[in-house]
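Read through the structure below, which is laid out as structure tokens, and then see the notes.
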Amino acid sequence: MGMRPLAPVRCASAQDVTDTAGRPDGRLRLFFALWPGAATAAALYARACALKAECDGRAMRRDTIHLTLAFLGEVPSCDLAALSAIAAGIGGARFTLELDHVGTWRGNRILWTGPSCLPPALVALGQTLADCLRAAGFALEQRAFTPHVTLVRNARRTPQAGETHALHWRVASFVLVASERGTAGAHYRVIGRWRLRENR
Ligand code: ATP
Ligand code: MG
3 MGMRPLAPVR CASAQDVTDT AGRPDGRLRL FFALWPGAAT AAALYARACA LKAECDGRAM
63 RRDTIHLTLA FLGEVPSCDL AALSAIAAGI GGARFTLELD HVGTWRGNRI LWTGPSCLPP
123 ALVALGQTLA DCLRAAGFAL EQRAFTPHVT LVRNARRTPQ AGETHALHWR VASFVLVASE
183 RGTAGAHYRV IGRWRLRENR
């Protein structure tokens, strides 16, 4: 779908990226994402547990559930200022995600939930972010943006139903996240948040 770039809006509520403590090599593993509030995270976690009960595997922890917008991989922490400036210039409108679909990627045993109908504001946000990041020299993978929320890994079976009752996720901001490896797997730390414009 050909999307017009969003008009950059001044994002008065954008916070500067905070807490830049990185690894000794000065690099961070980063991605932009949508991060659910407590109620949505609880509902998504309940869906993850139901899928795990049906298909086995490992449910995502409630505090790690998210939707990746753009994955940057390992970047030097001195790039944080540029990333913050890009995020602040994105603009974009708030939207509601109707998560009414459960799917699986062939081959990697991941179960995810996503919307059967993509909100144009989400498509525009992902596209504008990718365009601006690439224009600034960040390398993103080429494959198309497929918005999904990973819920279960290492599933042993495929879920019965593709369609399911919709979870309504009201999205009012996006975040920059550092992915850190700990003894208990990946730990995610939100290091910046930018508000989306209220719809008029
Ligand atoms: P682990 O890799 O230890 O299993 P993880 O996949 O949750 O943990 P990361 O690899 O840091 O942690 O990924 C962070 C987020 O970015 C996840 O949502 C992941 O699906 C997504 N992601 C990772 N690699 C890519 C990639 N090459 N392209 C797009 N998204 C990616
Ligand atoms: Mg990974």
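Counting with this note's numbering, you get residues 3 to 202 for the letters of the sequence shown.
Even for Gly, the Cβ is constructed at its ideal location relative to N, Cα and C.
The structure displayed is predicted, hence computed values, not measured ones.
- Beta-bridge analysis with DSSP links Val125 to no other residue.
- Per the C-alpha coordinates, the member of Arg155, Ala132, Arg183 positioned closest to Gln144 is Ala132.
- In this structure, Ile92 sits near Thr130, with a CB-CB distance shorter than 8 Å.
- When DSSP reads this structure, Trp37 sits in no beta bridge, so it has no partner.
- Rounded to the nearest whole angstrom, the CA to CA distance from Arg111 to Ala41 is 27 Å.
- Remark: the C-beta of Arg60 is outside contact range of the ligand ATP, defined as less than 7 Å to any heavy atom.
- Burial state of His167 is exposed, judged by a 10 Å Cβ sphere holding fewer than 16 other Cβ atoms.
- Within 7 Å of the C-beta of Arg191 there is not a single heavy atom belonging to the ligand ATP.
- With respect to Ala163, Asp58 sits apart: the two C-beta atoms are not nearer than 8 Å.
- Residue pairing by DSSP places Tyr190 opposite Ser181 in a beta bridge.
- Comparing C-alpha distances from Leu85 to each of Glu165, Ala188, Gly139 shows the shortest one belongs to Gly139.
- Taken from the Cβ of Thr152, at least one heavy atom of the ligand ATP lies inside 7 Å.
- For Ala72, DSSP records a beta bridge to Phe34.
- Annotation for Glu143 indicates a beta carbon within 7 Å of some heavy atom of the ligand ATP.
- Distance from the CA of Gly94 to the CA of Ala146, rounded to the nearest whole angstrom, comes to 19 Å.
- When secondary structure is reduced to three states using DSSP, Arg145 falls in the coil class, being assigned neither helix nor strand.
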